[in-house]
Amino acid sequence: MAVKNNVNRTDGNSKNIKKIIITAAVCIVLFLAGLASGLLAPSVKEKIDNISGSKFNAKEYINVGDYKSLNVSIAVTQDDIDTEIDDLREQNTIYEQLDGTVKDGDMVYADIVGYVNGKRADDTCSTDYVIIGSGDWLEGFEDALKGAKTGTTAEFTIPVPMGTYGNEEIDGQNVNFKVKVEYICGDSIVPEYTDDFVQSVSDYNTTDEYNEYLRQKLEKENEADKGEFAWTDFMETCSVKKYPKEMMEEARKTVLQGYYDMAVVYGCKEDEVFEMFGYDSEDDFKKTDLEELAQDTVKENLAAQALADLEGISYTEEEYNSVVDEEYNDEEYSSKKEYEKKNRQFLKDTALMKAVKNWLAENISFNTGTK
């Protein structure tokens, strides 16, 4: 990443897209915070501790359907292949190259080099597209390119806020940028999916060959992700009778905390985090999507515990330790032991969820779509 500001804006009019993005963002932030599925207060966590054997009965709160009769499809469809092809074409999209003077609203392709105290700072350097007026880059960066002519180099100095790059030699410093505006982008040119295109981006000669490669690739990926496919279908068999009050309260708090943590990571104000995903404000988020996200989280925790109780699913100490190794963040904790102690319930929840998904992968019927 060069000098992009991580706070990108999303169209608030598209609710479906917004909710997909928002759910993914929350998952990322919760993972960074070492929270993920451990959305329960310590008092509640102790009640549903899978290892110690608790009085908490998840089946009192959730109905589990006929999961044993599931026939989960992991077949690769033509739509799946077409999606891969469309992504490939998009990755190789180019733009009409226009000459002129950069103005507000233009997208330009630029060669960016930054210097700190006269020394080139590699983390600031890239060739990238810059949309003037988008607010996607450091404050003042886009404005500095207005009025520049294509083929010329704009030179300016920008103060870099702390936490922008995660590099102490750059963050908090004044960076002298030299940005050559290569061209102004005109209409997009999306390549056609032809034999010639396939040959230009791969080792295959024809679209038929590349289609077969994609099919085999996706089949392997789907086979490896059987547990995830099964979990999605299993969740559709489940219905919550009632949401435990304590769990919902903690889920709401932790989802919100995820956004607050994101503001710290991105070095922006809390309100900007909600705006970047299309909400007018934190209150707007609370009114529209907070409750649903909290309910989804609690439902998954209840469903995993209920299935574990029904089928006697558990995990080994080795599997638990493997989760600790995978999740441990040495930047926030002085030792793995300290991390494990402070995040024990989250780690247990994660280990249990993995064990449940593995059980589903081994015990549920799957349809590959082939004879």
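My numbering puts the sequence shown at residues -18 to 352. Glycine residues also receive a C-beta, built at the ideal position from the N, C-alpha and C atoms. Note that the coordinates shown come from a computational prediction; the quantities given were computed from them, not determined experimentally.
Enclosing alpha helix (DSSP H) for PHE327 [first to last residue]: Run containing PHE327: 325 to 344, per the alpha helix (DSSP H) assignment.
Give the secondary structure of MET228 by DSSP, where H, G and I count as helix, E and B as strand, and everything else as coil. The three-state reading of DSSP puts MET228 in helix, counting H, G and I together.
DSSP-derived helix/strand/coil call for ILE62: Here DSSP, grouped into helix, strand and coil, assigns ILE62 to helix.
Bounding residues of the beta strand (DSSP E) (the contiguous stretch that carries MET216): Counting along the chain, no beta strand (DSSP E) covers MET216; the unbroken alpha helix (DSSP H) around it starts and ends at 207 to 218.
Helix, strand or coil for LEU271? Go by DSSP, reduced to three states. Per DSSP, reduced to three states, the secondary structure at LEU271 is helical.
What residue range is occupied by the uninterrupted beta strand (DSSP E) comprising PHE255? Segment 251 to 257 is the alpha helix (DSSP H) holding PHE255; no beta strand (DSSP E) there.
Per-residue DSSP class, three states only, for ALA5: Confidence is the limiting factor: at ALA5 the pLDDT is only 46, short of 50, which leaves the residue's position unreliable and the question unanswerable from this model.
Run of the beta strand (DSSP E) containing ASN302, from where it starts to where it stops: Here ASN302 belongs to no beta strand (DSSP E); instead the alpha helix (DSSP H) covers 298 to 308.
Alpha-carbon to alpha-carbon, LYS49 and LEU341: Roughly 9 Å between the two C-alpha positions.
Can you have a look at GLU42 and say buried or exposed, based on whether 16 or more other CB atoms are within 10 angstroms of its CB? Residue 42 is actually Tyr in this sequence, not Glu. It is buried - the Cβ of TYR42 has at least 16 other Cβ atoms within 10 Å.
Compute the Euclidean distance between the alpha carbons of GLN59 and ASP67, then round it to the nearest angstrom. Straight-line Cα distance between these residues: approximately 12 Å.
Roughly how many angstroms lie between the CA atoms of GLU256 and ALA244, to the nearest whole one? Note on geometry: alpha-carbon atoms of GLU256 and ALA244 lie some 11 Å from one another.
Pick out whichever of SER262, ALA56, ALA125, ALA289 has its Cα sitting closest to the Cα of ASP85. Here the closest residue by C-alpha is ALA125.
Could you tell me the alpha carbon to alpha carbon distance between VAL353 and VAL83, rounded to whole angstroms? Given a span of -18 to 352 for the chain in the structure shown, any question on residue 353 remains unanswerable.
Where does the unbroken alpha helix (DSSP H) through PHE122 begin, and where does it stop? 122 to 126 is the span of the alpha helix (DSSP H), which, as asked, contains PHE122.
For GLY89 versus LEU119, is the C-beta spacing smaller than 8 Å? The identity of residue 89 in the sequence shown is Val, whereas the question assumes Gly. The criterion of a C-beta distance shorter than 8 Å is not satisfied by VAL89 and LEU119.
May I ask whether a heavy atom of the ligand NAP can be found less than 7 Å away from the beta carbon of ALA39? No copy of the ligand NAP appears in this structure; indeed no ligand is present at all.
GLU231 classed as buried or exposed, judged by whether at least 16 other C-beta atoms fall within 10 angstroms: Per the 10 Å Cβ criterion, buried.
Neighbour-count burial assignment, GLU123, 16 or more Cβ in a 10 Å radius: Buried: at least 16 other Cβ atoms inside 10 Å.
Report the rounded CA-to-CA distance for LYS268 versus TYR240, giving the unit in angstroms. Rounded to the nearest angstrom, the two C-alpha atoms are 15 Å apart.
Mind checking who THR134 pairs with in its DSSP beta bridge? THR134 is bridged to LYS161.
Looking at PHE215: is its Cβ nearer than 8 Å to the Cβ of LEU51? Contact: yes.
Would you kindly report the start and end of the unbroken alpha helix (DSSP H) that includes VAL182? Looking at the DSSP string, the run of the alpha helix (DSSP H) that includes VAL182 is 176 to 182.
Same chain, Cβ closer than 6 Å to ILE170, neighbours up to 5 away in sequence not counted: Once the five neighbours on either side are set aside, the close Cβ partners of ILE170 are ILE75.
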